[in-house]
Amino acid sequence: MTKTELVKAVAVATGLSLKASQGAVDAVFSTIVSELKKGNDVKVMNFGKFVTVDVAASVRMNPKTREVVNVPAHKAVRFRVSSVLKRDIR
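The sequence shown begins at 22 in my numbering and counts up by one.
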(Lines of atoms letter the chains of each structure in order from A and count residues from 1; the text may use other names and numbers.)
(Lines give C-alpha, C1' and ligand atoms only; values in the text may rest on other atoms or scores of the structure.)
Protein backbone atom coordinates (compact mmCIF):
# COMPACT_ATOMS: atom_id res chain seq x y z
CA MET A 1 0.00 0.00 0.00
CA THR A 2 1.33 3.42 -0.91
CA LYS A 3 0.76 6.62 1.01
CA THR A 4 -1.80 7.73 -1.59
CA GLU A 5 -3.69 4.46 -1.16
CA LEU A 6 -3.53 4.90 2.62
CA VAL A 7 -5.01 8.40 2.34
CA LYS A 8 -7.85 7.07 0.16
CA ALA A 9 -8.52 4.23 2.63
CA VAL A 10 -8.64 6.70 5.52
CA ALA A 11 -11.05 8.89 3.54
CA VAL A 12 -13.36 5.95 2.88
CA ALA A 13 -13.19 4.65 6.45
CA THR A 14 -13.80 8.03 8.10
CA GLY A 15 -15.97 9.82 5.56
CA LEU A 16 -13.46 12.68 5.42
CA SER A 17 -12.49 14.39 2.19
CA LEU A 18 -9.26 13.36 0.50
CA LYS A 19 -7.69 16.67 1.49
CA ALA A 20 -8.65 16.23 5.15
CA SER A 21 -7.45 12.62 5.09
CA GLN A 22 -4.14 13.72 3.57
CA GLY A 23 -3.76 16.25 6.37
CA ALA A 24 -4.53 13.63 9.02
CA VAL A 25 -2.07 11.10 7.62
CA ASP A 26 0.63 13.75 7.26
CA ALA A 27 0.01 14.93 10.83
CA VAL A 28 0.41 11.41 12.21
CA PHE A 29 3.66 10.81 10.32
CA SER A 30 5.15 14.20 11.17
CA THR A 31 4.28 13.73 14.85
CA ILE A 32 5.99 10.34 14.90
CA VAL A 33 9.09 11.80 13.24
CA SER A 34 9.11 14.79 15.59
CA GLU A 35 8.95 12.60 18.70
CA LEU A 36 11.66 10.26 17.41
CA LYS A 37 13.93 13.26 16.71
CA LYS A 38 13.47 14.28 20.37
CA GLY A 39 14.57 10.79 21.43
CA ASN A 40 11.11 9.71 22.56
CA ASP A 41 9.55 6.35 21.76
CA VAL A 42 6.16 6.27 20.04
CA LYS A 43 3.89 3.48 21.24
CA VAL A 44 0.64 2.79 19.39
CA MET A 45 -1.50 0.43 21.43
CA ASN A 46 -2.23 -2.90 19.71
CA PHE A 47 0.03 -1.91 16.79
CA GLY A 48 3.63 -1.48 17.88
CA LYS A 49 6.36 0.79 19.12
CA PHE A 50 8.78 3.02 17.20
CA VAL A 51 12.10 3.40 19.03
CA THR A 52 15.42 5.06 18.28
CA VAL A 53 18.60 3.12 18.89
CA ASP A 54 22.24 4.17 18.87
CA VAL A 55 24.31 2.30 16.30
CA ALA A 56 28.01 2.11 17.08
CA ALA A 57 30.65 3.09 14.55
CA SER A 58 31.87 0.17 12.50
CA VAL A 59 34.18 -0.79 9.70
CA ARG A 60 32.51 -2.45 6.72
CA MET A 61 33.69 -3.69 3.37
CA ASN A 62 32.24 -2.97 -0.02
CA PRO A 63 31.84 -6.52 -1.38
CA LYS A 64 32.19 -5.38 -4.98
CA THR A 65 35.43 -3.40 -4.67
CA ARG A 66 36.76 -4.84 -1.38
CA GLU A 67 37.25 -1.24 -0.24
CA VAL A 68 37.09 -0.71 3.53
CA VAL A 69 34.45 1.82 4.55
CA ASN A 70 34.22 3.47 7.96
CA VAL A 71 30.61 3.89 9.04
CA PRO A 72 30.24 6.56 11.74
CA ALA A 73 28.05 6.12 14.82
CA HIS A 74 24.46 7.15 14.16
CA LYS A 75 20.88 6.75 15.32
CA ALA A 76 18.43 4.38 13.66
CA VAL A 77 14.71 3.77 13.97
CA ARG A 78 13.35 0.35 14.85
CA PHE A 79 9.76 -0.84 14.93
CA ARG A 80 8.69 -3.46 17.43
CA VAL A 81 5.44 -5.16 16.51
CA SER A 82 2.88 -5.63 19.30
CA SER A 83 1.80 -9.13 20.22
CA VAL A 84 -1.79 -8.21 19.27
CA LEU A 85 -0.76 -7.28 15.72
CA LYS A 86 1.38 -10.40 15.42
CA ARG A 87 -1.58 -12.50 16.45
CA ASP A 88 -3.99 -10.71 14.12
CA ILE A 89 -1.89 -11.15 10.97
CA ARG A 90 -1.25 -14.86 11.40
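Just so you know, even glycine gets a beta-carbon here, dropped at the ideal spot from N, CA and C.
Predicted, not measured: the structure shown is a model, and the values here were computed from it.
- Contact between the region 97-104 and the region 57-69 is established, with three or more Cβ pairs separated by less than 8 angstroms.
- Of the residues assessed, VAL65 falls on the exposed side of the cut-off, its CB having fewer than 16 other CB atoms within 10 angstroms.
- Scanning GLN43, ASN61, THR86 and SER79 for the CA closest to the CA of THR23 turns up GLN43.
- About 6 angstroms separates the beta carbons of ALA97 and VAL74, which is inside the 8 angstroms limit, making them a contact pair.
- Looking at the backbone, the Cα of ALA30 and that of LYS58 are separated by about 28 angstroms.
- C-alpha of MET82 to C-alpha of ASN91: approximately 9 angstroms in a straight line.
- Here VAL80 has VAL89 and ASN91 as same chain residues with Cβ atoms under 7 angstroms from its own Cβ, once five neighbours each way along the sequence are excluded.
- A distance below 7 angstroms between beta-carbons, with the five flanking residues on each side excluded, links ILE53 to the following residues of its chain, in chain order: VAL63 and PHE71.
- Assignment of beta-bridge partners to ALA30 by DSSP yields no partner.
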